[in-house]
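Student: Right, I'll just put the structure down here and ask away after.
Number of protein chains: 2
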Amino acid sequence: MSSSNAYREPEWRSLEWSPDEKKVARKAFDAALQDELALVMRKAKAMAEKARKPSDLWNLENYLTKCRTEIDRRYDYRYSVLPEVFGGLLRERKLTQADFSGLGEDKIEWIRRLAS
Amino acid sequence: MSSSNAYREPEWRSLEWSPDEKKVARKAFDAALQDELALVMRKAKAMAEKARKPSDLWNLENYLTKCRTEIDRRYDYRYSVLPEVFGGLLRERKLTQADFSGLGEDKIEWIRRLAS
């Protein structure tokens, strides 16, 4: 295999994050995660309250398992994957461009690209 | 291996159940299962109502998974395992001797033995 075919790490994986950028990133990340968890909380409480038959309980169980797995998978705060994570959250309107204010143009550009 | 060492099916696995006994068995079985499910329903609703933090949700998920698995495992209505099932339910006071009234002495004796 020639070296030109070798795996090349995507550029956004090795961006340098300044201490100020890390603060912005952490704040945006935590806000999205809190929103997500609050939504699961509301929906789970409503499902439990409305539950009448056993299948309603197993649907609730299934919903919680799905949310937990999905949240574990998506909310990964390693800087090497953060542009991807933020891109996904931007695409789904769980974060807006305003949440990234304070990040360098290199990050914002990658987040936008990965969102689209 | 001599035939005297060969596996011998426990005697209570091949009891004959009359139509009337089957009705008694079904009624006791369903009553215990309904009680069990009602308890899970009450407890799950209370857990959801009290939930404040994400870990409360995952505890609820875990509780539901445990209950579903355990109920699937225990509530097995095959006549070949019913004396065991009833023995377990009697041991845990989820059924009483009165629930077995109408079963033949052979079944009641096995249920008692398997309960102890």
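Those protein sequences? They're chains C and X, same order as listed. Under the working numbering, the first residue of the first sequence carries the number 3, and numbering increases by one thereafter. Under the working numbering, the first residue of the second sequence carries the number 3, and numbering increases by one thereafter. Yeah, the Cβ is synthetic: ideal placement off N, Cα and C, and Gly gets one too.
At a CB-CB cut-off below 9 Å, which residues of chain C make contact with X:Trp60?
Tutor: Leu66, Arg70
Student: X:Leu105 bridges to which residues according to DSSP?
Tutor: According to DSSP, residue pairing for X:Leu105 in a beta bridge involves X:Ser103.
Student: Quick check on DSSP: helix, strand or coil for C:Lys24?
Tutor: Shown here, C:Lys24 sits in a helix according to DSSP, grouped into three states.
Student: Just how far apart, CA to CA, sit C:Lys109 and C:Tyr81?
Tutor: 11 Å
Student: Report back the beta-carbon spacing between X:Trp19 and X:Trp112 to the nearest angstrom; my notes put them in contact at under 8 Å.
Tutor: About 12 Å separates the two Cβ atoms, so there is no contact after all.
Student: Taking CB distances under 8 Å as the criterion, tell me whether C:Ala34 reaches chain X.
Tutor: no
Student: With C-beta atoms as the reference, is X:Ala92 less than 8 Å away from X:Ala117?
Tutor: Note that residue 92 of chain X corresponds to Leu in the displayed sequence, not to Ala. Taking a C-beta distance under 8 Å as the contact criterion, X:Leu92 and X:Ala117 qualify as a contact pair.
Student: Just to confirm the assignment, what range does the alpha helix (DSSP H) spanning C:Ser57 have?
Tutor: Element bounds for C:Ser57: 56-76.
Student: By the three-class DSSP mapping on this structure, what secondary structure does X:Val87 have?
Tutor: The DSSP-derived three-state label of X:Val87 is helix.
Student: Step through the CB atoms of chain X and report whether any lies within less than 8 Å of the CB of C:Glu107.
Tutor: no
Student: Which word fits X:Glu51, buried or exposed, when buried means at least 16 other C-beta atoms lie within 10 angstroms of its C-beta?
Tutor: exposed
Student: Which term fits X:Leu41, buried or exposed, when burial requires 16 or more other beta carbons within 10 angstroms of its beta carbon?
Tutor: exposed
Student: Helix, strand or coil for C:Asn16? Go by DSSP, reduced to three states.
Tutor: Reading the sequence as shown, one finds Ser at residue 16 of chain C and not Asn. Helix at C:Ser16.
Student: Given C:Asp101, which residues of its chain have a CB within under 6 Å of its CB, disregarding the five upstream and five downstream residues?
Tutor: Spatial neighbours of C:Asp101 in its own chain (CB-CB distance under 6 Å, excluding positions within 5 residues in sequence) are listed in chain order as Ala30.
Student: Quick one: which residues of the stretch 75-99 of chain C get their C-beta closer than 9 Å to a C-beta of chain X? List them in chain order.
Tutor: none
Student: Could you check the C-alpha separation between C:Gly89 and C:Thr98 for me, to the nearest Å?
Tutor: 10 Å
Student: Which of helix, strand or coil does DSSP assign to X:Leu115?
Tutor: The sequence given here has Arg at residue 115 of chain X, not Leu. Helix at X:Arg115.
Student: Taking its Cβ as the centre, do 16 or more other Cβ atoms sit within 10 Å of C:Glu23, making it buried, or is it exposed?
Tutor: buried
Student: Given a threshold of 16 other Cβ atoms within 10 Å of its Cβ, counted over all protein chains shown, does C:Glu11 qualify as buried or as exposed?
Tutor: exposed
Student: To which residues of the same chain is X:Ser139 closer than 8 Å at the C-beta, ignoring the five residues directly before and after it?
Tutor: For chain X, the structure presents residues 3 to 118; residue 139 of chain X sits outside this window and is missing.
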